[in-house]
Amino acid sequence: MSASAALKLDDPRLEPCPVETIPGSIETGILILCDHASNAVPPDLGDLGLPASEFERHIAYDIGAAAVTRSLARRLGAPAILTRISRLVIDPNRGRDDPTLVMRLSDGAVVPGNARVDEVQRRIARFYDPYDDAIADAIHKATAAGHPPVVVTVHSFTPVWRGWPRPWHVGILWDADDRFARPLLEGLAAEDGLVVGDNEPYDGALAGDTVDRHATIRGLANALIEIRQDLIAPEAGAGEWAERFARLLKPLAARPELREPRIFGTRTRDRLRQHGG
């Protein structure tokens, strides 16, 4: 294991809080989330039976997403909440009953440390619930103060998936509420040279994911941002994309129609029916 990987995997600062909170003004009307910010594993879980190289891959975290999130929060003066635990330990962007909540096989990598089924509930209480609670608390405080937030989640995707080069530079994911996603897509489309995905490379309707259980259920306007990893892995690239989104998000979040909670429902039930669920 390299020295840099060892520092990430054995960082004692991970306990007792697996959540990073960046303070900001609720008056911005924006709450920024980063579900897959870290590739760290607490010391007592070791390396999950994986070589250090696996923790540098997308299976462990969303490369570049944390840097974009921190820079974006700073530029907007908005609050942000990030995970401090690898998605290989537990994936907070999944529902509690999702079979991929704790992955045993991820993009060809078998994860021996995730073989015990009885470990899942302990990880939920230790890592998943604190992140969930931090988001719920931030939304409650902002709403109680008269500033229901637009919820923005920052992710990244691999340039190539199963041998197929992905053409998009960025994608905006959304479920049934397009109040925020639609003008954001239009703003990105107006940028020179960008290939923008509308619910690409994934569909934004995922039952139990972070947006579903925190924004959709409360009728909060939202969008999930997916940026191609090679564009934001360098620090300079992350800063450039944060600047771009700060410029686009600030005027959108000021729109009164986006700040008013409104229930749109969800497409997740339709997707479950299509897959026999």
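Numbering (our numbering), first residue to last: 3 to 279.
Glycine is no exception: its CB is placed at the ideal position from the N, C-alpha and C atoms.
- Straight-line Cα distance separating Glu121 from Glu228: 30 Å
- Item | Nearest-angstrom Cα separation, counted from Asp64 out to Asp46 | 23 Å
- Task: State the CB to CB distance for the pair Asn224 and Val213, rounded to an integer number of angstroms; the pair is presumed to be in contact (CB under 8 Å).
- Result: 5 Å
- Query: Which ranges does the beta strand (DSSP E) cover as unbroken runs of at least 3 residues, wholly within the segment 184-238, from first to last along the chain?
  - Reply: 198-200, 224-230
- Measure the CB-CB distance between Val153 and Leu33 and report whether it falls below 7 Å. yes
- Task: Go to Thr71, then tell me how far its alpha helix (DSSP H) extends in each direction, as first and last residue.
- Result: 67-78
- Message: Since Gly330 and Ala82 should fall inside the 8 Å C-beta cutoff, what is the C-beta to C-beta distance between them, to a whole number of angstroms?
- Response: Summary: the structure shown does not reach residue 330, with the chain confined to residues 3 through 279, and so no result is reported for it.
- Message: If I follow the unbroken alpha helix (DSSP H) through Ala138, where does it start and stop?
- Response: 131-146
- Does DSSP classify Ala39 as helix, strand or coil? coil
- Query: Once you ignore the five residues that flank Thr268 on each side, which residues in its own chain have a CB closer than 6 Å to its CB?
  - Reply: Asp177, Ala178, Thr218
- Task: Could you have a look at Thr85 and say whether DSSP puts it in helix, strand or coil?
- Result: strand
- Task: Could you round the C-beta distance between Arg77 and Ala248 to whole angstroms and report it? I think they count as a contact, below 8 Å.
- Result: 4 Å
- Extent of the continuous beta strand (DSSP E) run through Val91: Per DSSP, Val91 belongs to no beta strand (DSSP E) and is neither H nor E.
- Considering Leu175, what are the terminal residues of the alpha helix (DSSP H) in which it resides? Unbroken run through Leu175 is the beta strand (DSSP E), 172-175; no alpha helix (DSSP H).
- Message: At the level of alpha carbons, what is the spacing between Pro90 and Thr160?
- Response: The identity of residue 90 in the sequence shown is Leu, whereas the question assumes Pro. Rounded to whole angstroms, Leu90 to Thr160 spans 17 Å at the Cα level.
- Query: Roughly how many angstroms separate the alpha carbons of Ser140 and Ile28, rounded to a whole number?
  - Reply: The sequence given here places Ala at residue 140; Ser does not occur at that position. Each residue's Cα considered, the two are about 9 Å apart.
- Item | Own chain partners of Lys252 with C-beta closer than 7 Å, once the 5 adjacent residues on each side are dropped | Leu78
- Looking only at C-alpha atoms, which of Leu186, Thr30, Val198, Ala144 sits nearest to Pro169? Val198
- Under the three-state DSSP convention, the category Thr23 falls into: strand
- Task: If I'm right that Arg98 touches Ser40 with Cβ under 8 Å, what's the distance once you round it to whole angstroms?
- Result: Their Cβ separation, rounded to whole angstroms, is 21 Å, which puts Arg98 and Ser40 out of contact at 8 Å.
- Any idea if Val70 is buried or exposed, counting beta-carbon neighbours within 10 angstroms, 16 or more meaning buried? buried
- Just checking my contact of Gly48 with Val113 at CB under 8 Å: how many whole Å lie between their CB atoms? At roughly 12 Å, the Cβ-Cβ gap does not stay under 8 Å, so Gly48 and Val113 are not in contact.
- Looking at the structure shown, is Pro167 part of a helix, part of a strand, or coil, going by DSSP? strand
- Task: Could you spell out where the alpha helix (DSSP H) holding Val122 opens and where it closes?
- Result: 122-125
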